[in-house]
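There are 2 protein chains.
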Amino acid sequence: MADRLIVIGGDAAGMSAASQARRRRDRDDLEIIAFERGHFTSYSACGIPYWISGLVDYNELIIRDPETHRREHQIDVRLRHEVVKIDLDRREVVARDLENGGREVRESFDELVYAAGAVPTVPDWARTDAGGVFGVQTLDDGKALRHWLEGDPKPKRAVVVGGGYIGVEMAEAMIERGLAVTLVERGEQPMSTVDPDMGRMVRDALDGLGIDVRTGVTITGLTTEGGRVSGVRTSEVTIPADVVVLGTGVRPNVRLAAEAGLPIGPTGGIRTDLRMRVIGAPGVWAAGDCVETLHKTTGQPVYVPLGTHANKQGRVAGINIGGGYATFPGVIGTAVTRVCDLEVARTGLLEPEARIAGFEFITVTVESTSTASYFPDAAKMTVKLIAEKGTGRLLGAQIVGRSQSAKRIDTLAVALWNKMTVDEMSMLDLGYAPPYSPVWDPVLVAARKAVDILHST
Amino acid sequence: MADRLIVIGGDAAGMSAASQARRRRDRDDLEIIAFERGHFTSYSACGIPYWISGLVDYNELIIRDPETHRREHQIDVRLRHEVVKIDLDRREVVARDLENGGREVRESFDELVYAAGAVPTVPDWARTDAGGVFGVQTLDDGKALRHWLEGDPKPKRAVVVGGGYIGVEMAEAMIERGLAVTLVERGEQPMSTVDPDMGRMVRDALDGLGIDVRTGVTITGLTTEGGRVSGVRTSEVTIPADVVVLGTGVRPNVRLAAEAGLPIGPTGGIRTDLRMRVIGAPGVWAAGDCVETLHKTTGQPVYVPLGTHANKQGRVAGINIGGGYATFPGVIGTAVTRVCDLEVARTGLLEPEARIAGFEFITVTVESTSTASYFPDAAKMTVKLIAEKGTGRLLGAQIVGRSQSAKRIDTLAVALWNKMTVDEMSMLDLGYAPPYSPVWDPVLVAARKAVDILHST
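Residue numbers (the numbering used here), protein chains in the order written: chain A, 6 to 462; chain B, 6 to 462.
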């Protein structure tokens, strides 16, 4: 008789695991059931801002629909089914069919993949029965927001809360839809995923788009009118709003896992080993936005909910379930985003993160161009490096610049991944031609300057 | 009394060495004389094609002019002075002043930097007294070509010989100037710096520009008319030409060095240690297009005349002369170029190079996009990897693609530099956001596929 794999969560991590397991074990050997609470499988949540702005169509965000999973991978995908209980002793799950009055189904498993993702952090002040307050974490969230934006009366003023990636991307999307946009951030600068000295450049770009950026602001509540949101109250003023978008982050969706006794780590995510096995729970795997992972630079567990990790972790779990061997080695905190034509990227640790980890370090910031400086419209590019005192080891890097800047973070990411020192980095053999870089690539210029500082301290 | 440093060659390597030495030792401690045969110092030879095409002005290619070197670095730059002899026993050089009837000057040195660069490989058939045949290696070469192109009668038909970087870039520059262009390449495909399967895509791009590409063709001679070139003879036909540009490569300019008894390696370049000291010649340094260097992947000496290496090697020599410590660790063969809007890049070894080095390997080629595939105008990108059998270590990588493709070679270059295996690479934490990459970056997709192949062989 075939084993049975049950997957909880039909997005990147869960469906990658399912597909990989299927590649290695056919249906006579492994039956696969995937429960998904929403209406979609395997979609690019990171693309939602570009759908809201109108740049892409929502169905383009769906990488693989349920029918394809069923037909090509013989995966029994059950949409609108919310798993409500995991019973590890009886090795079964209980799911509720949300379309049929909550009818419960009970299915046993040999292997279980927990890939329930993340849930948005909803601040207390944002809990309201009034319409017009949205997260943008799932495609279902995005649909609800689009519907509101196109509704009657048409919203004209948006407040976006939180200046991280999602907040900044959503603020831009709203501006592109013609709304007046206020971005509210608690910290010193928007784009809190880079240090404030780099974030200042992002703020300038947001200003340039006509976004009203307010930093150092704490929100205290909402005002409503006729069942609709009408404003966001801060300690000082009330900002009028017909729609409020929450970019206040997410936390791992682990309630079910915790109830079943699966181990939750210090970050709030599920603890797994390098093969994505849940610690202490044979036959149970976890992957994606619900797990914590190793930060390779600090050696500490960290929670980094990103599609790129979810895909890899799901793949790793699936290969192992399929009888292969794969490990997920951890992360180094690489991320990129775009604000209008400004590109923003980071890898490794920010200054405060490096300090908390116990490192002493030097920092260096250089301005260069992403092409030869004499090239027409040579694009400005700022590179910041953080290097350990003494060893000179690269601990973190940040880039803010125009065209062709952001993906240079990968060069720095691979250097950091390999524990390179800025000394070694300054002699790296990188590609040079005038349309692509000055003869000293900005990455090399930064490394060179870091060497000078290290040698003079 | 101050020591004296003499530098032979006033371009990237020589002047980097001079400037770095000056940064560490003031004029009371070190006198610096630099002899340069041509009219310019410290310029971007790689920018010449973009000057010929009219994209940039030639004076923008000059990074630092002689006057700046004299004023800011107190370097006694002597233009139009050709060094004709190095006497190691007497520790002096003899230079000829080309502007003053060849008057000879004799200067002693304590330290000598030999940075005489490269000389173009001129095939026998190209030696002619007729006008219209040009190399494009120096700014002086570029000036002569520009003059011819703007002369009377105005050339209408160009033949570019050699399908390497320079040839391809020059062919494009000529097309942009409105000439009819034929590109003649001896090998199977143009862009011989990548494997033929990748070169085929470059050929398509050249075809698209209207360049008449002829491969597998051997040139036998020139035809001339009234003291001007009129055509290029091949074994089969004569191709009419009012101007012929040689992109037939360069070789190290080592005549003087060899006459002085400095050691020449198997590649024809001068042999140095990692600090850029000429082997067995105390106080003599060499850097740039006249030296051979270590290929970090094969462990063999290699000749790679590129501005990026020249700058680094010059810097290393200068730091050491200045009393600091620096080494040039070698190269891995990274290079990028652009053909119209097609981006071409490589790092590490091509297939035949890997074979000659003694490696057994697998290759993998994947097609992907440089942004999320659902992004408007998602640009196609092809990645080829060469990985060692057994270990899975990356040996080489090639990229051909549209926008945002080429500089991804740096990600692969740093991975290769650090001897990463494709297994490790497939889990790298690279930047992901829809404007910059699919959720699996093309680099990761290629690594993943290489892993599959390695595990199945």
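Glycine is no exception: its CB is placed at the ideal position from the N, C-alpha and C atoms. In this text the structure is predicted, and so the values were computed from the model without any measurement.
- If you check the CB distance, I91 of chain B and V82 of chain B do not come in under 8 Å.
- For Q318 of chain B, the uninterrupted alpha helix (DSSP H) segment begins and ends at 312 to 326.
- N316 of chain A belongs to the set of residues whose beta carbon lies under 8 Å from a beta carbon in chain B.
- Under the 8 Å Cβ criterion, the stretch 279 to 287 of chain B does not count as touching the stretch 167 to 178 of chain B, having fewer than three qualifying pairs.
- In the three-state reduction of the DSSP assignment, S47 of chain A falls in the coil class, being assigned neither a helical nor a strand state.
- For P201 of chain A, the enclosing alpha helix (DSSP H) starts and ends at 201 to 214.
- Put simply, the backbone Cα of A123 of chain A is about 29 Å away from that of R205 of chain A.
- Using beta-carbon distances, R413 of chain A counts as an interface residue toward chain B, with a partner under 8 Å.
- Nearest neighbour of P128 of chain A by Cα position, chosen from A:V344, A:G252, A:G107, A:R69, turns out to be A:G252.
- R111 of chain B counts as exposed, since fewer than 16 other beta carbons sit within 10 angstroms of its beta carbon.
- Between Y308 of chain A and chain B, the shortest Cβ-Cβ separation is not below 8 Å.
- Neighbours of S49 of chain A in chain B, taken as residues whose beta carbon is under 8 Å from its own, are A377, Y379, P439, V444 in chain order.
- Under a 10 Å Cβ-count criterion, V248 of chain A is classified as buried, with 16 or more other Cβ atoms of the shown protein chains found around its own Cβ.
- One alpha carbon belongs to G270 of chain B, the other to Q25 of chain B, and they sit about 27 Å apart.
- Chain-order list of chain B residues neighbouring Q409 of chain A: Q409, K412, by C-beta distance under 8 Å.
- Counting only residues of its own chain and dropping the five nearest sequence neighbours on each side, G254 of chain B has a CB closer than 6 Å to the CB of T126.
- Here A131 of chain A is buried, its C-beta having at least 16 other C-beta atoms within 10 Å.
- The beta carbon of A451 of chain B sits no closer than 8 Å to any beta carbon of chain A.
- Taking C-alpha positions only, F139 of chain B is separated from S410 of chain A by approximately 36 Å.
- A check of alpha carbon separations from R260 of chain A across A:Q194, A:I13, A:A362 identifies A:I13 as the nearest.
- At least one beta carbon of chain B lies nearer than 8 Å to the beta carbon of T313 of chain A.
- In chain order, D8, R9, L10, R96, G288 place their CB closer than 8 Å to the CB of D115 of chain B, counting only its own chain and leaving out the 5 sequence neighbours on each side.
- Within the stretch 236 to 292 of chain B, the beta strand (DSSP E) runs of at least 3 residues that lie entirely inside it are, in chain order, 243 to 245, 248 to 251, 255 to 257, 289 to 291.
- D129 of chain B carries a helical assignment under DSSP once its states are collapsed to helix, strand and coil.
- Within chain A, no C-beta atom comes less than 7 Å from the C-beta of P195 of chain B; the nearest is roughly 16 Å away.
- The C-alpha of V296 of chain A lies about 7 Å from the C-alpha of Y308 of chain A.
- Per the C-alpha coordinates, the member of B:I80, B:S442, B:I180, B:V61 positioned closest to D31 of chain B is B:I80.
- Residue pairing of S113 of chain B in beta bridges, as defined by DSSP: B:E97.
- Interface criterion met: the Cβ of L60 of chain A is under 8 Å from a Cβ in chain B.
- Between P195 of chain A and L211 of chain A, the CB-CB gap stays under 8 Å.
- In summary, V242 of chain B is exposed, with fewer than 16 beta-carbon neighbours lying within 10 Å of its beta-carbon over all protein chains present.
- Residue burial annotation: M386 of chain B is buried, with at least 16 other C-beta atoms found within 10 angstroms of its C-beta.
- For A420 of chain A, the C-beta contacts it makes with chain B under 9 Å involve V419, W422, N423, in order along the chain.
- The beta carbons of S49 of chain B and L35 of chain B sit no closer together than 8 Å.
- Under the Cβ criterion of 8 Å, D434 of chain B is counted among the residues facing chain A.
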